[in-house]
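Heads up: the structure comes next, in structure tokens.
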Amino acid sequence: MKIKIHMFLTVILICIGLIVTNTTSSFNFKSKKNIDEEVISVLVYLKDQVDLDSINIKMNKQKASLRERHETIVLALQNTASASQAQLLKYLFELQDQDIVKEVQCFWIGNIIRVDTYQSMIDKIAKRDDVYKIYPNYQIDLIKPRKENNEIKLSNRSDIEPGVVAVRAPEVWEEFNITGEGVLVATIDSGVDGDHPALAGRWAGIADPRYEGHPEWAWFDPYAYQNDFPYDLNGHGTHTMGIVCGGSPGDQIGVAPGALWISAGLIQTQDIPQFVSDAIESFEWLIDPDGNPETNWDVPDVCSNSWGLYEPLGYPQCDETFWTFLDACESAGIVIIFIAGNEAYSGLRSPADRAIDDYRTFSVGAVDANDPDWPVWIWSSRGPTYCTPNGSEAIKPDIAAPGVNIRSSIPGGSYESYSGTSMAAPHVNGVVALMREVNPNISVKSIKEIIYQTAFDLGDLGEDNDYGWGMIDAYEAVLIIGQSPTIPELTGPTSGKPGESLEFLLNSTDPDGDDIYYFVDWDDDTSSEWIGPYSSGEEVNVSHIWENPDTYEIKAKSMDFTYAESDWSEPLIINITTKSPDPPRINGPTRGKKGVFYNFTFNSVDPDGNDVYYYIIWGDGSEKEWDGPHPSGVDFVISHSFPTIKTFTIEAKAKDISNAESNWSSFDITIPRTRTTSYLWFLELFPLLERLLNIIF
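Per the working numbering, residue -15 is the first one in the sequence shown, and the count goes up by one each step.
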């Protein structure tokens, strides 16, 4: 039984965030009794909601890591709920003191408050300006698997289950050494037998030392709150978790045997009814098990669910009750999987029937992997669905996986074979774990896109209402993630001035032809962040301004939509300098004799008053490289002799301490032929001869 909370401030500290749209609040329930005498449990969705779609667009553009996504989403949800629930909670607690409201439970994951009260009071709550909509707190149930009488056709690998082989997980283990290690998987199911030999060693509550003293971070019981150690009174959850990551020496039943697991025991069969509010509480635990938004090591990468609402039993079609908190989890980086259901052509369960876009909700149908043709299981729920934004027809399920005669773990250390979409979804869970090991930051949307693209097409060509996109293929999915773009070619200037906008070119290609994002480290404690997308092979122009003079090493890397990153490029070195000194003024004799040393002065003024260095080319094949430092505006005197008779051009330039160089300056000195007195008398007699000799020599 849920705990009554009477202290308003206590609840405000506990309840914090969610998402939803703006429309008229409405509510109507039928009852066999006088409506005012029957207590009804409802879920009140508040109008003030987090715009998850906008946040996702922003984080996608920034190529945010999963840790950044998690912190941003959880804080946004909590802050929104904290700010908007106060007035309604105050009102409800006043009514609770009058025994008009029986129970109040608030959630931040979807700005939602569960209220147990009478119809007349529900009508009043629905008219409040801060209320968006009120939904019944529906009872949910397990989608029970079936036992088949068909003989199981065994795989040629006796130590690995046929379904695991069919999704090509063993090929991933052997060729890529990828088993799901470092990945955290989850199920929300009937619980898990934590002592089962196929699963005991993989429970995060024991296997990961970070959980020491906090088993409740790895196991959640929304009913008895026995969070010390996982248990399963039904058996269904132990079976599904075994398919995800279970195994023991010589008996591999799971797709991702290297992954660790956590679980919530939502669907139990011990005469305890389960409601949507229990599901919300479980997902609120799932999105932040340790209660710290700044950490995400405790947050699972993927969670599969084998339960839902069955519309033919009286639940409304396209019920939106689940949508908000499921979207919140996926926005925080958790891939949420639901089974299509075991109702064949009677339609999909909710929320698996949702088709608001190509990615929500991710639903799984079942095929018989013991048959080489992989036929769809006779009871696997088929589409179409009409739960679209405009009520048009859409294809469901999204993907298919093995779900017939699947042998896996059951409580007590035993094994049993069951059939159902409940067995199919855990195969997908395990494949996602393999993908996340390859690339821990790959987005939820990218994971689904890759699974769709790499599925083995079955049934009608392309997507269809039996198989979705086809049979999931772990090998092809992992192969795509593992192929990163080429290291970017980075070109551009090697010098510039502070405050000057400098342009650079980037170019990288992706082996799959996917669009590319670029990240440039400018080496001045700033970066471009992830920019894009750009077409593979497209030349991309980027610019940057450095404010301070220095030498910088620029480098870049590229990434495709799967978050597969290249290595860093070789650094491009650029000198950012202040205003350069003036060209040196050169003074000295303009004529001289060969072999005689003459003094020359060089003087350059630096606009910033910094010391200067001189580079001198004497014009006779000798040079003086960057002599200095010398004070700005002060003559630098140096002597030099010239070895032959000719006119020499002296060239010089200056630079400051930031390597800002001046233009060249020049100065001419002539070393003429030496003439005796008799020689000069002879030339006076024959002036034309003097001209001729000057021409010759």
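A virtual CB, placed ideally from N, CA and C, is assigned to each residue, including glycine.
DSSP places residue 51 in the uninterrupted alpha helix (DSSP H) bounded by 50 to 68. Assignment of residue 153 by DSSP, reduced to helix, strand and coil, places it in the helix class. For residue 191 and residue 325, the gap between their C-alpha atoms comes out near 33 Å.
A direct Cα-Cα distance of roughly 36 Å separates residue 606 from residue 484.
In the three-state DSSP reduction, residue 86 falls in the coil class, being neither helix nor strand. Setting aside the 5 residues that flank it on each side, residue 422 is surrounded in the same chain by 162, 462, 465, 466, each with a C-beta closer than 7 Å to its C-beta; the list follows chain order.
Boundaries of the alpha helix (DSSP H) around residue 459: 458 to 466. Runs of the alpha helix (DSSP H) lying entirely within the segment 210 to 249 and spanning at least 4 residues, in chain order: 220 to 229. Assigned with DSSP and collapsed to three states, residue 489 falls in strand.
In the three-state reduction of the DSSP assignment, residue 263 falls in the helix class, which pools H, G and I. In the DSSP annotation of this structure, the continuous segment of the beta strand (DSSP E) that includes residue 347 starts and ends at 346 to 351. Within its own chain, the residues whose Cβ lies closer than 6 Å to the Cβ of residue 230, once the five positions on either side in sequence are excluded, are 182, 183, 237, 238, 393, listed in chain order.
If only complete runs of 3 or more residues are kept, the segment 542 to 610 shows the beta strand (DSSP E) at 556 to 560, 569 to 571, 582 to 587, 596 to 601, in order along the chain. Per DSSP, the beta-bridge partners of residue 452 are 448. Under the three-state reduction of DSSP, residue 301 is assigned to coil, being neither helix nor strand. Shown here for residue 377: same chain residues with a beta carbon closer than 7 Å to its own, the five before and five after excluded, namely 368, 370 in chain order. Secondary structure note for residue 442: it is in no beta strand (DSSP E), with a DSSP letter that is neither H nor E. Between residue 572 and residue 582, the CB-CB gap stays under 8 Å. Annotation: the continuous beta strand (DSSP E) that includes residue 117 extends over 115 to 120. In the assembly as shown, residue 187 is a buried residue. Its beta-carbon has 16 or more other beta-carbons within 10 Å. For residue 366, DSSP records no beta bridge to any residue. With fewer than 16 other CB atoms across the displayed protein chains lying within 10 angstroms of its CB, residue 356 is exposed. Per DSSP, residue 123 is one residue of the beta strand (DSSP E) stretching across 123 to 126. The three-state secondary structure of residue 208, taken from DSSP, is coil.
Take residue 195, set aside five residues on each side of it, and the residues of its chain with a beta-carbon closer than 7 Å to its own are 188, 189, 201, 202, in chain order.
Take residue 507, set aside five residues on each side of it, and the residues of its chain with a beta-carbon closer than 7 Å to its own are 536, 537, 538, in chain order. For a cut-off of 8 Å, the C-beta gap from residue 559 to residue 479 is around 5 Å, short enough to register as a contact. Residue burial is scored here from C-beta neighbours: residue 648 has fewer than 16 other C-beta atoms within 10 angstroms and is therefore classed as exposed.
One alpha carbon belongs to residue 306, the other to residue 401, and they sit about 30 Å apart.
Beta-bridge annotation (DSSP): residue 319 is paired with 286. The continuous beta strand (DSSP E) containing residue 98 extends over residues 96 to 101. A straight-line Cα-Cα distance of about 36 Å links residue 204 and residue 440.
In this structure, the beta-carbon distance from residue 176 to residue 219 does not fall below 8 Å. Residue 197 and residue 282 have their alpha carbons spaced roughly 14 Å apart. In the same chain as residue 265, and ignoring 5 residues on each side of it, the C-beta atoms closer than 6 Å to its own belong to 206, in chain order. Under the rule that a run must span 3 or more residues, the beta strand (DSSP E) segments found entirely inside the segment 505 to 546 read 511 to 518, 524 to 529, 534 to 544.
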